[in-house]
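Asks: Using UniProt numbering, the first residue of the sequence shown is number 1, and each one after it goes up by one. Don't be surprised by glycine CBs; every beta carbon is placed ideally from N, CA and C. Handing you a structure now.
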Amino acid sequence: MPPNRPIPDAAPPPAGRATIADVARAAGVHASTVSRALNPATRGMVTEAVALRVAEAADRLGWRPSALAAGLRTRKSRTIGILVPDLVNPIFPPIVRAAESLLAAQGYATLVANTDNDPAREEMLISRMAEHVVDGLMMASAAEGTHAIELCARFGIPTVLINRRLPGATTSAVTNDDRHGIGLAVSHLVALGHRRIAHLAGPRGVSTAIDRREGFLEALRAAGLDPGPVVDAAGYTRAAGRVAMETLLAGPSFTAASFTALVAANDMLCLGVYDVLRSRGLRAGVDLSVTGFNDMPFVDLIDPPLTTIRIQHAAMGREAAEALLAEIAEPAAPRRDTRLVPELVIRASTRAPRQEH
């Protein structure tokens, strides 16, 4: 048996990430030998001495396997992509955190990206994640008219919608029961004695806005009340809430004869509502009862604390992650349509309407 060849003196580790070629030069073998020696499935194809020499060279150079390269070979990267429309929106961090924790426990890393509510950016991000061979995608950004789901199907990426539904889509979705949630807000206001109730709706084309608007109208009909004024906000933001509230008050002067309560489709919109009321010398919970939706982390601290609909943020993230893992494990498994039950949280922004004299 020929004596073991001494390990060549290695130059300092190359700048940047060490490659297979760097390891091969340091070990004095061909790059293909390094690939076989470092792959558990093919390690038996080289001698123990060569495998040891390659391993020592790789360790000395700080070589690490490229997850991207491995993913391109195996079509598995142990990585999940998560798309959200607006990372600044406080609803999404707890959802993403819960999903990330569950996925990490199963050995997956996550890539989180912000679409800015831009369909073109959303499609670009899906394409980029496909290039990185994500094993699955969780989307909280899809809206009506988007090509996102078709694009995911074209790339063969298992996909689950979070806090969104799309008409006719066969994709699994985890949402809140938005109609029921808005109904809880309307029922609360009716029980307080309100009969003229307005709605600040979310942006058209977004499933949460559609379901909450329809739930608002259904709840009014069930209570035997005429529909109140409805204005669509351009987005789920404070600024959009201000604009929509100004529009709502731009008709007849705001008096008790207009409406005594307002159901907003989102807590962020309520911040804009509060801004407009203050600018007019009015106060939520005194001159106008206001309800929100989501129970975002800060709404118990604003003045007055906001009556709102609490959704199950963490449960939504966990359920979506579980649905995606199930689809990755068994692509032919039935898709899930999970709707979580929200609850009413009563705070100081709602009270009985002032008595008219």
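Is it the case that the Cβ atoms of P203 and D177 are separated by a distance below 9 Å?
Replies: It is not a contact, given that the beta carbons lie outside the stated cut-off.
Asks: Return the residue from the list R53, S101, M45, A26 that minimises the CA-CA distance to G317.
Replies: Selected option, being the one with the closest Cα: S101.
Asks: Verify whether the separation of the beta carbon atoms of A18 and G62 is less than 9 Å.
Replies: In contact: A18 and G62 (Cβ atoms closer than 9 Å).
Asks: Would you kindly work out how many angstroms separate the C-alpha atoms of V341 and A173, rounded to a whole number?
Replies: Cα to Cα, the separation comes out at about 14 Å.
Asks: Is the segment 203-223 in contact with the segment 330-350, if contact means three or more CB pairs nearer than 8 Å?
Replies: Touching, no, given that fewer than three Cβ pairs across the two stretches are closer than 8 Å.
Asks: Decide if E327 is buried, meaning its Cβ has at least 16 other Cβ atoms within 10 Å, or exposed.
Replies: So E327 counts as buried.
Asks: Confirm, please, whether the CB-CB distance from T159 to L271 is below 9 Å.
Replies: The answer is no: Cβ separation not under 9 Å.
Asks: Using CA coordinates, which residue listed in V263, E246, G156, R195 is at the minimum distance from L277?
Replies: L277 has its Cα closest to that of E246, out of V263, E246, G156, R195.
Asks: Using 8 Å for Cβ pairs, my map puts Q267 next to L306. What's the rounded Cβ distance?
Replies: The amino acid occupying residue 267 in the given sequence is Asp; Gln does not appear at that position. Yes, D267 and L306 are in contact; Cβ-Cβ is about 6 Å, under 8 Å.
Asks: What does the Cβ neighbour count give for L72, buried or exposed, with the cut at 16 atoms within 10 Å?
Replies: The predicted model places L72 with a pLDDT of 48, which falls under 50 and marks its position as unreliable; any figure quoted below should be read in that light. By the 10 Å Cβ count, L72 comes out exposed.
Asks: Hey, quick one: how far does the alpha helix (DSSP H) through M245 stretch, first residue to last?
Replies: Note, M245: alpha helix (DSSP H), 238-248.
Asks: From F92 to D86, what distance separates their C-alpha atoms?
Replies: So the alpha carbons of these two residues sit roughly 8 Å apart.
Asks: If we call anything under 9 Å between Cβ atoms a contact, is A264 one with V243?
Replies: No, Cβ-Cβ distance for A264 and V243 is not below 9 Å.
Asks: So who's on the other strand from E131, going by DSSP bridges?
Replies: E131 pairs with nothing; no bridge assigned.
Asks: In terms of alpha-carbon separation, which member of A37, D59, R60 lies closest to A49?
Replies: Ranking the options by Cα distance to A49, first place goes to A37.
Asks: How is the alpha helix (DSSP H) around I210 delimited, first residue to last?
Replies: 207-222 is the extent of the alpha helix (DSSP H) around I210.
Asks: Starting from E123, follow its DSSP beta bridges and name the residues at the other end.
Replies: DSSP lists no partner for E123.
Asks: With 16 other CB atoms within 10 Å as the buried threshold, where does P319 fall?
Replies: Strictly speaking, residue 319 in this sequence is Glu, with Pro absent from that position. Buried: at least 16 other Cβ atoms inside 10 Å.
Asks: Do you know how far the Cα of R212 is from the Cα of T260?
Replies: If you take the alpha carbons of T260 and R212, they lie about 19 Å apart.
Asks: Measuring alpha carbon to alpha carbon, tell me which of L125, G136, D135 ends up nearest H147.
Replies: Checked all of L125, G136, D135; the closest Cα to H147 is L125.
Asks: Assuming contact is defined by CB atoms lying nearer than 9 Å, are P288 and L262 in contact in what I supplied?
Replies: Looking at the sequence shown, residue 288 is not Pro but Leu. Result yes, Cβ atoms of L288 and L262 sit closer than 9 Å.
Asks: Hey, could you find the ends of the alpha helix (DSSP H) G136 is sitting in?
Replies: Taken as a continuous stretch (DSSP letters only), G136 belongs to no alpha helix (DSSP H), being part of the beta strand (DSSP E) at 136-139.
Asks: Are the beta-carbon atoms belonging to L161 and T175 less than 9 Å from one another?
Replies: A contact, by the Cβ cut-off of 9 Å.
Asks: Quick check on the DSSP output: the alpha helix (DSSP H) that includes D267 runs from which residue to which?
Replies: 267-279 is the extent of the alpha helix (DSSP H) around D267.
Asks: Quick check on this structure: which residue in L52, S187, G28 has the alpha carbon closest to the alpha carbon of residue 365?
Replies: It is not possible to answer for residue 365, since the shown part of the chain is limited to 1 through 357.
Asks: Please classify V286: is it buried, with 16 or more other beta-carbons within 10 angstroms of its beta-carbon, or exposed?
Replies: Exposed: under 16 other Cβ atoms inside 10 Å.
Asks: Excluding sequence positions up to five away, which residues of its chain have a Cβ less than 8 Å from the Cβ of A21?
Replies: Hits under 8 Å: A31.
Asks: Is DSSP giving D300 helix, strand or coil here?
Replies: Three-state result, D300: coil.
Asks: Scan the segment 161-198 and note each continuous beta strand (DSSP E) run of 3 residues or more that stays entirely inside, going in chain order.
Replies: Counting whole runs of 3 or more residues, the segment 161-198 contains the beta strand (DSSP E) stretches 172-176.
Asks: Do you know whose CA, among P227, L103, R165, lies nearest R78's CA?
Replies: Of the listed residues, the one whose Cα sits closest to R78 is L103.
Asks: Just how far apart, CA to CA, sit A130 and G107?
Replies: Roughly 19 Å separates the two Cα atoms.
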